[in-house]
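In this note's numbering, the protein residues as written are 9 to 84.
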């Protein structure tokens, strides 16, 4: 398993309001493991068997569908 940190862009601005517990739930439903948020910053730490590109694509799609906004994630 690879450990990553996702930095969410545009969280809690311009009407895009989301609770970090709900964001963590979306990450878990998308197949990520050991998901946790770093305060209310929009930074999420997680593990995945996939590489960062695959994880990013999957998570952007899941976030966009769940929160109905154009999600953009920067993953390290």
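All C-beta atoms in this analysis are idealised placements derived from N, C-alpha and C, irrespective of residue type, glycine included.
DSSP places residue 57 outside both helix and strand once states are collapsed to three, so it counts as coil. Of 82, 77, 67 and 79, the smallest CA-CA separation from residue 38 is found for 67. Leaving aside the five residues that flank residue 42 on each side, the residues in its chain whose CB is nearer than 7 Å to its CB run, in chain order, 54 and 55. For residue 70, the closest C-alpha among the options 59, 49, 30 and 46 is that of 30. Judged by beta-carbon spacing, residue 47 lies beyond the 8 Å limit of residue 64, meaning their Cβ atoms are not closer than that value.
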